[in-house]
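Novice:
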Amino acid sequence: MATLDQPQISRSRGRFAGQWVDGFVMLIRIVAVVIITWGLVQFIVQSASGTGGLTGPAFRDLLVAGLAQGAMYGLLALGYSMVYGVLGFINFAHGEVFMAGTVISFFISNALFNAGWWEEAFLLSLLIVLLSSMIISTLTAVIIERVAYRPLRNAPRLIPLITSIGVSFFLQNAFFGLFGPAVKSYPRPPEWLTSRRTILGFEIEGTKLLVIVIAIVASIGLYLFITRTKTGKAMRAVAEDKEIAALMGINVDRTIVTTFAVGGAMAGVAGLSWAILFRGVSFITGFIPGIKAFTAAVVGGIGNLAGAMGGGVFLGLAESVAPLVILEPLGVTGVSQLKDAVAFAVLVLVLIFRPTGLFGERLSARDRV
Amino acid sequence: MPRRKTLHLIAIISAFALILAACGSDSTETTDAPDETTAATEAPTTEAPATTEAPPETEPEAMFEPGPLGAVEVGPGEDIQIRSLQAISGDVATLGIPNQRGTELAIADFGAIEGRNVSIGTPLDDLCSADGGQAAAQTIVADEDVVGVIGTSCSGAATAASPLISAAGMVMISPSNTSPALTSDLAGNANPDYNPGYYRTAHNDLFQGRAVATYLYEELGLRNAAAIHDGDPYTNGLAQAFADAFEEFGGEISVFTAVNKGDTDMVPVLTEVAAGEPEAIFFPIFMPEGGFIVQQVGGVQGLEDTLLVSADGTLADNFLVLPESVGVIHSGPDLQFGENKSALGTSAEDFLAAYEAAYGEAPSAPFWAHSYDATVMLLTAISEVAVVEGDTMYIDRQAVRDALNSLADFDGITGSLTCDDFGDCGSQRISIVDHLEGETTAAEVGQNVIFTFPN
Amino acid sequence: MSVDWSRARFYGINAGITLAFICAIGMVEAFDSRSVINPGLTLGIVALIWVPPLLAYLATRRKALEGFEAEPAGAQDLGAGALVGAISGLILVVFVWGVDALLEAGVAIRDVFPRLSPAMIEIVTFGRGLGAGLTILFVGCVVLATAGAALHLLSRPVRRGIEFGLLYVLAFSLLEPVVTDILEDNADALYARTGGLKPSAAAVIFLLTGAITAWTTHRDAPSIRTRYGRMDLDVQRRVTIAGVIISVALFGILPRFLGGIMNELLANIGLFVLMALGLNVVIGLAGILDLGYVAFFAVGAYGTAVLTSPGSPAFSPELSWWVALPIVIILATLAGLVVGTPVIRMRGDYLAIVTLGFGEIVRILFLSDWLSSSFGGSQGIRQIPGIEWFTGEIKGVDPERIFYMVAIFVLVAVYVSWRLQYSRIGRSWMAMREDETVAEAMGINTVTAKLLAFIIGAILASWGGAIFAAKVGSVFPNSFELLVSIIVLVVVIVGGMGNIPGVILGAALLIGVLGGPTQPGLLQEFQEYKLLIYGALLVVVMLVRPEGLLPSTYRSRELHHEEMDQDAWLKAGVGAGIDEEELAT
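Residue numbers (our numbering), protein chains in the order written: chain W, 16 to 384; chain E, 229 to 683; chain V, 2 to 586.
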């Protein structure tokens with residue numbers, strides 16, 4: 016500390032620190048490359064010699080599971096990315112937006128099940144659940160924006176981020192209070208959906224296929240909305256520069272609300288995926304997927320919608336495959352427990368190798384600073 | 229500049245001096261305090277002998293001579309104080325609340341001791357964590373009138389609470405701690421976390437692990453099994469106990485792995501397990517992860533014929549309602565209480581009827597009977613050692629411990645209770661139940677006993 | 002401009018929804034077992050009755066703007082208040098009546114909302130049946146809301162007297178264990194046998210504290226802060242030192258009069274003060290949002306556990322706590338470097354998620370079976386010895402001495418962060434917080450400065466971890482969840498980012514009353530709703546008072562410079578004719 020009182024020493028030390036940081040980052044890069052390569056080599060050797068590794072079908076199952084989980088992360092990540100693009104802050108509470116839709120729609124699915132609709136008219140029931148989950152998530156997102164974020168439009172950027180952490184905890188525990196702590200499970204989809212089927216020579220479970228298809232359809236829909244409609248164009252204009260957009264006659268407030276609403280609707284679609292894929296819901300459902308989707312948005316390159324989807328799929332695959340393919344061949348025990356650690360390690364590594372994410376950021380000039 | 233520094237230095241030094249003085253004078257003052265229960269509140273082991281000398285001087289006329297741990301005085305019209313320390317908030321409340329209610333009902337059934345009512349005061353929360361248990365225990369030992377504690381719910385909380393309770397000369401009887409670390413290895417060696425004054429009516433994990441291993445290895449003749457826990461000390465300990473016993477019998481644990489609480493995608497962990505080609509998977513975990521496992525096991529090749537074995541954590545309605553959970557077998561404390569009667573004459577049926585009447589629902593976890601028995605044990609010990617002289621009742625702390633230590637063949641709802649040298653008093657009966665088609669509640673599934681240990 | 006009725010209607014609806022929400026999440030029922038004034042008022046009812054008056058008060062409040070003459074409050078304000086009360090009361094009455102009707106009809110609403118119990122209805126209808134109970138409820142809401150609005154009619158001293166009088170009554174009631182601990186048998190004069198203030202005692206406290214507050218407000222004495230600011234630097238320094246000595250002396254003596262419960266609480270508060278002081282350096286001074294702060298706490302605790310405990314699985318040197326401490330500090334420094342270095346060049350928001358990730362990675366590694374041969378996995382490390390001291394071992398059994406131990410470290414931490422704040426590095430942190438690019442252009446090496454902040458934060462947290470390990474005697478991975486980071490963050494924010502006394506006040510209030518992540522606070526009943534309240538507090542503080550309860554001067558200037566500009570602009574007369582509502586949004 017004493018040395019810092021003297022400018023010259025501090026400056027030379029500073030340069031040293033800068034080099035040190037670069038060196039350390041380089042070291043992390045090298046270590047990461049070595050570990051990953053070594054793990055992969057071991058994996059291939061073990062699989063080939065049959066002393067470990069994975070069989071073909073097992074590997075394929077992992078890929079499909081990772082893809083389905085990743086598609087869900089991607090749908091959520093879109094919400095983070097869009098809000099970031101427009102407002103330049105991370106809406107930590109987006110996971111709770113998703114949770115709200117999923118938890119409340121459970122009661123609707125349960126009522127449908129009790130009425131016998133779930134079995135007789137499954138696709139119709141699914142549509143009803145999809146709509147309710149989208150509506151509730153959208154409403155939640157819009158209300159959060161109105162109450163918590165709009166008054167902070169011009170505050171320093173960390174302020175809305177911290178606020179969103181508070182919103183996240185409030186919503187979680189409000190749902191805990193309202194609906195109780197117990198985990199509730201959506202009814203089981205019918206046999207014809209859950210069974211395995213072969214698509215293009217690739218055997219896949221019906222539910223996972225449906226989830227992947229839903230994600231693809233939703234992303235195409237979103238893409239068309241953003242590029243083809245007036246509102247979508249307005250959103251892009253606001254993301255680029257709020258003041259100029261306002262001068263061009265765009266209602267900035269309404270566009271921001273639309274952004275939240277669209278993000279919420281995507282979270283609602285993710286809620287449906289959850290209802291088919293995992294089924295068990297409780298107040299805590301949105302927290303970890305929310306953090307993962309946030310991670311996915313950063314991994315893909317924030318502000319970049321294709322990147323968000325890509326980042327989600329990448330993260331889902333990495334989580335699913337990396338523990339068994341890279342860690343286990345290295346002799347690590349209990350690798351499934353390290354799944355979350357792997358996801359966050361992926362985040363750190365991606366940012367070290369490509370600070371703007373895998374697919375590059377799309378940010379306005381001001382945000383890029 | 230130098231002057232400012234000196235002043236700061238003086239401030240710091242004076243602060244240190246004050247604190248040193250405060251800490252230094254501590255021991256002398258407390259030992260001088262003429263209070264017959266000093267030993268209860270302040271008993272760092274080194275000072276214990278000194279504190280025990282004080283009591284006789286304060287009560288010169290009394291015939292009653294307190295033992296080395298002091299005694300509790302209950303004046304006329306006062307209540308005998310015991311405490312309930314359970315996990316009563318958050319998602320573990322399902323475990324702690326029936327325990328607390330079991331204690332309440334037992335007190336009501338037991339009635340007054342020598343004309344004095346028993347009170348549990350405000351129910352305390354162990355937060356299912358070590359620091360939560362410690363803080364709550366601190367609250368308990370601060371009240372010198374407390375004789376004993378029924379709790380904790382979670383083993384982790386007990387590791388931090390039992391040293392405090394023990395040092396205060398009190399006793400604690402847990403209805404649902406199962407960690408071997410708190411008592412002994414069941415072979416006559418105390419584990420490091422055992423403290424005198426700790427008892428429990430729940431079984432020891434080693435026992436449940438051995439029961440499952442016996443069933444799989446000897447009854448079903450399986451030789452290769454996998455175990456999955458979720459990082460909770462309870463599930464980890466139980467999975468480990470099972471693995472150790474299974475290997476001891478000569479079986480192979482091909483995969484011992486874990487998931488994280490909050491995990492959803494179970495395909496990776498099941499793929500990891502499938503690589504070992506086990507004949508059975510033991511996953512003593514909770515909802516929702518337990519549910520995700522049974523739902524997703526069908527999507528992993530190689531596990532089609534694998535037997536799924538769980539524990540009491542999933543013996544809950546929200547797991548059993550899942551269609552996929554049919555066929556999963558559960559191990560847990562033996563709930564086939566049948567005609568067992570507690571020393572008070574209460575049978576399980578009587579208890580459940582009283583519970584339903586008082587709280588409007590059935591117990592949400594299987595340890596209610598253990599809690600009832602624990603409370604009756606404590607109250608019986610108190611009533612045996614309580615001495616009334618004049619208007620005052622004296623309860624000697626060491627005598628309470630002695631009474632519990634020598635407890636043998638005591639009738640409880642859970643069976644016959646006998647305390648070993650390290651606080652394991654439970655009837656140690658484990659049953660394994662099967663989940664048949666069409667059943668969706670713990671009450672129904674609990675009836676299908678296919679194996680009891682020891683049989 | 003007269004009373005804005007639509008605004009009153011809006012606030013009324015909000016008040017009604019809030020009331021129904023508080024009932025539906027089970028707060029009323031859970032809090033009912035605690036008596037505030039005995040007989041007469043339980044905490045369950047208190048959970049409700051603050052809503053109508055507060056919202057009525059807010060609905061009729063005038064915006065104080067420079068350049069506008071605030072209209073004096075009049076009778077129509079009472080009307081608006083009554084409207085807020087009537088709407089909120091109506092919503093609550095309809096809600097309770099509806100729930101009761103559904104329950105009576107046997108509709109299984111409790112499958113969806115488990116907390117809508119007959120017991121809750123019994124409490125809010127005061128056990129007098131639906132008709133009479135709901136009438137009382139409605140009238141009560143109207144009267145209370147009108148009273149809330151009527152506060153505007155009173156002169157400032159009287160208003161503050163009433164507000165503070167009520168607060169003191171509540172505080173005395175909630176602090177029952179503390180007061181009983183100090184006063185011992187004399188406390189019987191204040192508290193009823195079954196808990197709660199006696200009505201007479203409550204009246205005396207209200208009148209006394211209210212009168213004192215009213216009198217001091219009336220005298221309009223400048224606040225201590227202003228007076229302190231006006232002093233000469235030399236005098237200021239002496240006053241500061243005197244203040245420190247007095248508070249040290251007070252805290253040196255106080256625990257001796259307190260029992261185990263309060264000392265345990267104080268020790269827990271102290272641990273959070275330590276962590277909050279560390280995080281204050283990172284976020285309050287340097288402006289880095291670190292959401293993985295718990296990692297350093299964990300490193301401190303596990304480091305101590307491994308080095309001192311004979312129960313450590315692999316490597317167990319069984320060192321003395323004092324020998325372990327410097328090693329733990331070195332470990333924390335290394336951890337700070339390892340976490341800090343890769344993230345140091347990242348943007349603010351990325352930092353948040355990456356540090357969060359690091360925090361989780363650390364917890365998962367300690368938890369994992371893979372490393373359980375070194376760290377015990379989910380079974381943790383037990384048998385951690387206490388801290389050696391001249392008079393014997395200090396451990397959790399003896400919370401009083403644990404508190405002294407924590408207090409020593411808090412003092413050192415306060416001293417360190419105070420010196421840092423006004424040092425060269427402290428000024429560069431603040432420059433960096435305001436504008437990183439400009440700071441860099443001014444020749445501040447942001448890399449060094451950020452790393453230093455990280456490391457200092459890590460070291461302070463590791464002290465907390467080291468004491469925590471010795472205090473609890475065992476460490477389990479579930480004590481180091483993300484929640485710890487978030488709660489420390491709330492403490493820093495609510496207390497006042499960048500201000501040391503603020504951080505201490507925040508820890509005392511939040512951890513003391515509500516409790517920490519796995520530490521109970523004063524009120525057992527708050528346990529279930531702790532996180533809900535933390536979340537709500539975080540949002541409200543950010544919206545209403547982002548600088549915290551005790552703001553640092555710099556920080557509030559940063560946050561409010563726009564308002565100041567605006568006021569100046571209005572003063573210049575440009576703003577004449579601008580609609581007030583427009584400015585408010």
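Glycine included, each C-beta is placed from N, C-alpha and C at the ideal position.
Cβ of residue 73 of chain W less than 7 Å from any chain E Cβ?
Specialist: For this step, residue 73 of chain W is matched to residue 58 along the first sequence. So yes, residue 73 of chain W belongs to the interface.
Novice: Can you tell me which of E:342, E:546, E:445 puts its alpha carbon nearest to the alpha carbon of residue 322 of chain E?
Specialist: To locate residue 322 of chain E, count along the second sequence from 1; it is residue 94. Among E:342, E:546, E:445, the Cα nearest to that of residue 322 of chain E is on E:546.
Novice: Would the segment 388 to 398 of chain V count as touching the segment 466 to 481 of chain V if we require 3 or more Cβ pairs under 8 Å?
Specialist: Contact between the segment 388 to 398 of chain V and the segment 466 to 481 of chain V is present, because at least three Cβ pairs lie under 8 Å.
Novice: What are the complete beta strand (DSSP E) segments, minimum 3 residues, inside the segment 397 to 423 of chain E?
Specialist: Those beta strand (DSSP E) runs which fall completely within the segment 397 to 423 of chain E and span 3+ residues are 399 to 402.
Novice: Report yes or no: is there a C-beta of chain E within less than 7 Å of the C-beta of residue 30 of chain V?
Specialist: Against the third sequence, residue 30 of chain V aligns to sequence position 29. Taking Cβ atoms only, chain E never reaches closer than 7 Å to residue 30 of chain V, which makes this a no.
Novice: Can you give the Cα-Cα distance for residue 439 of chain E and residue 330 of chain E, rounded to whole angstroms?
Specialist: The residue you call residue 439 of chain E lines up with position 211 of the second sequence. The residue you call residue 330 of chain E lines up with position 102 of the second sequence. If I take the Cα positions, the gap works out to 26 Å.
Novice: Just the Cα atoms here: how many angstroms apart are residue 144 of chain V and residue 465 of chain E?
Specialist: For the purposes of this step, residue 144 of chain V is taken as residue 143 along the third sequence, with counting starting at 1. For the purposes of this step, residue 465 of chain E is taken as residue 237 along the second sequence, with counting starting at 1. Each residue's Cα considered, the two are about 58 Å apart.
Novice: Which one or two residues does DSSP pair with residue 620 of chain E in a beta bridge?
Specialist: Start at 1 with the first residue of the second sequence, and residue 620 of chain E comes out as number 392. In DSSP, residue 620 of chain E forms a bridge with E:617.
Novice: List in chain order: all unbroken alpha helix (DSSP H) runs of 4+ residues lying wholly within the segment 439 to 496 of chain E.
Specialist: Correct list: 461 to 477.
Novice: Looking at the C-beta of residue 548 of chain E, does it have a partner C-beta in chain V at a distance below 7 Å?
Specialist: The sequence position of residue 548 of chain E within the second sequence is 320, counting from 1. No, no contact with chain V.
Novice: Of all Cβ atoms in chain V, is any one closer than 7 Å to the Cβ of residue 421 of chain E?
Specialist: Looking up residue 421 of chain E in the second sequence gives position 193. At least one chain V Cβ lies under 7 Å of residue 421 of chain E.
Novice: So with CB distances below 7 Å, who are the chain W contacts of residue 369 of chain V?
Specialist: Your numbering for residue 369 of chain V matches position 368 in the third sequence. Result: 349, 352, 353.
Novice: Compare the C-beta of residue 52 of chain V against all C-beta atoms of chain W and say whether one is closer than 7 Å.
Specialist: Numbered from its first residue, the third sequence carries residue 52 of chain V at position 51. No, residue 52 of chain V does not count as interfacial toward chain W.
Novice: For residue 526 of chain E versus residue 543 of chain E, is the C-beta distance shorter than 7 Å?
Specialist: For the purposes of this step, residue 526 of chain E is identified with residue 298 of the second sequence, where counting begins at 1. For the purposes of this step, residue 543 of chain E is identified with residue 315 of the second sequence, where counting begins at 1. Cβ distance not < 7 Å, so residue 526 of chain E and residue 543 of chain E don't count as in contact.
Novice: Between which two residues does the alpha helix (DSSP H) containing residue 662 of chain E stretch?
Specialist: By 1-based counting over the second sequence, the position of residue 662 of chain E is 434. Not the alpha helix (DSSP H): residue 662 of chain E falls in the beta strand (DSSP E), residues 658 to 662.
Novice: Determine whether the Cβ of residue 124 of chain W lies closer than 7 Å to any Cβ atom of chain E.
Specialist: Walking along the first sequence from the start, residue 124 of chain W turns up at place 109. No - not a single Cβ of chain E is within 7 Å of the one on residue 124 of chain W.
Novice: Can you tell me the Cα-Cα spacing of residue 331 of chain W and residue 60 of chain W, whole angstroms?
Specialist: For the purposes of this step, residue 331 of chain W is taken as residue 316 along the first sequence, with counting starting at 1. For the purposes of this step, residue 60 of chain W is taken as residue 45 along the first sequence, with counting starting at 1. Approximately 25 Å, taken between the alpha carbons.
Novice: For the alpha helix (DSSP H) that contains residue 503 of chain V, what are its first and last residues?
Specialist: Here residue 503 of chain V is taken as the residue at index 502 of the third sequence, counted from 1. It spans 501 to 510 - the alpha helix (DSSP H) in which residue 503 of chain V sits, taken as one unbroken run.
Novice: Pull up the distance between the alpha-carbon of residue 618 of chain E and that of residue 395 of chain E, whole angstroms please.
Specialist: Translated into positions along the second sequence, residue 618 of chain E becomes position 390. Translated into positions along the second sequence, residue 395 of chain E becomes position 167. In a straight line, the C-alpha of residue 618 of chain E is about 29 Å away from that of residue 395 of chain E.
Novice: Going along the chain, which residues of its own chain have a beta-carbon closer than 6 Å to the beta-carbon of residue 421 of chain E, five neighbours each way excluded?
Specialist: Mapped onto the second sequence, residue 421 of chain E falls at position 193. Around residue 421 of chain E: 387, 409, 410.
Novice: Which ranges would you report for the beta strand (DSSP E) in the segment 301 to 379 of chain E if only whole runs of at least 3 residues count?
Specialist: Listed in chain order, they are 308 to 314, 374 to 379.
Novice: Could you check what DSSP says for residue 374 of chain W in three-state terms: helix, strand or coil?
Specialist: Position 359 of the first sequence, counting from 1, holds the residue named residue 374 of chain W. Note: residue 374 of chain W maps to coil in three-state DSSP.
Novice: Would residue 58 of chain W and residue 365 of chain W be called neighbours here (beta carbons separated by less than 7 Å)?
Specialist: As a first step, residue 58 of chain W is located in the first sequence; it is residue number 43 there, counting from the start. As a first step, residue 365 of chain W is located in the first sequence; it is residue number 350 there, counting from the start. Cβ distance not < 7 Å, so residue 58 of chain W and residue 365 of chain W don't count as in contact.
Novice: By the 10 Å Cβ neighbour count, where 16 or more other Cβ atoms means buried, how is residue 396 of chain V classified, buried or exposed?
Specialist: Translated into the one-based positions of the third sequence, residue 396 of chain V becomes position 395. So residue 396 of chain V counts as buried.
Novice: When DSSP labels each residue in this structure, what does residue 423 of chain V get in the three-state scheme?
Specialist: The sequence position of residue 423 of chain V within the third sequence is 422, counting from 1. Note: residue 423 of chain V maps to coil in three-state DSSP.
Novice: Taking residue 160 of chain W as part of the beta strand (DSSP E), name the residues at either end of that continuous run.
Specialist: For the purposes of this step, residue 160 of chain W is taken as residue 145 along the first sequence, with counting starting at 1. Taken as a continuous stretch (DSSP letters only), residue 160 of chain W belongs to no beta strand (DSSP E), as it is neither H nor E.
Novice: Going along the segment 366 to 393 of chain E in order, which residues come within less than 8 Å of chain V, judged by CB to CB distance?
Specialist: Cβ contacts with chain V: 366, 367, 369, 370, 384, 387, 388, 391, 392.
Novice: Going along the segment 496 to 521 of chain E in order, which residues come within less than 8 Å of chain W, judged by CB to CB distance?
Specialist: Answer set for the segment 496 to 521 of chain E: 496, 497, 499, 500, 502, 503, 515, 516, 519, 520.
Novice: Which residues in chain V sit within 7 Å of residue 304 of chain E, going by Cβ to Cβ distance?
Specialist: One-based indexing of the second sequence puts residue 304 of chain E at position 76. Those do not exist, as residue 304 of chain E stays about 16 Å from chain V at its closest Cβ, beyond 7 Å.
Novice: Does residue 139 of chain V get closer than 7 Å to chain E when you measure Cβ to Cβ?
Specialist: Walking along the third sequence from the start, residue 139 of chain V turns up at place 138. By this cut-off, residue 139 of chain V is not an interface position.
Novice: Starting from residue 76 of chain W, find everything on chain E with Cβ-Cβ shorter than 7 Å and list it in chain order.
Specialist: Position 61 of the first sequence, counting from 1, holds the residue named residue 76 of chain W. What residue 76 of chain W touches in chain E: 495, 499, 527, 528, 529.
Novice: Please check the pair residue 336 of chain V and residue 298 of chain V, which I expect to be a contact at CB under 8 Å, by giving their CB distance rounded to whole angstroms.
Specialist: Looking up residue 336 of chain V in the third sequence gives position 335. Looking up residue 298 of chain V in the third sequence gives position 297. Contact doesn't hold; Cβ gap of about 11 Å is too wide.
Novice: Since residue 594 of chain E and residue 563 of chain E should fall inside the 8 Å C-beta cutoff, what is the C-beta to C-beta distance between them, to a whole number of angstroms?
Specialist: In the second sequence, residue 594 of chain E corresponds to position 366, counting from 1. In the second sequence, residue 563 of chain E corresponds to position 335, counting from 1. Between residue 563 of chain E and residue 594 of chain E the Cβ distance is about 6 Å, and since that is below 8 Å, they are a contact.
Novice: Is residue 370 of chain E near residue 260 of chain V, with beta carbons less than 7 Å apart?
Specialist: The residue given as residue 370 of chain E occupies position 142 in the second sequence. The residue given as residue 260 of chain V occupies position 259 in the third sequence. Going by C-beta atoms, residue 370 of chain E is nearer than 7 Å to residue 260 of chain V.
Novice: Mind checking residue 439 of chain V: buried by the 16 CB within 10 Å criterion, or exposed?
Specialist: To locate residue 439 of chain V, count along the third sequence from 1; it is residue 438. Answer is exposed; the Cβ neighbour count stays below 16.
Novice: Taking Cβ positions only, does residue 448 of chain V come closer than 7 Å to chain W?
Specialist: Along the third sequence, one-based indexing puts residue 448 of chain V at 447. It does; some Cβ of chain W falls within 7 Å.
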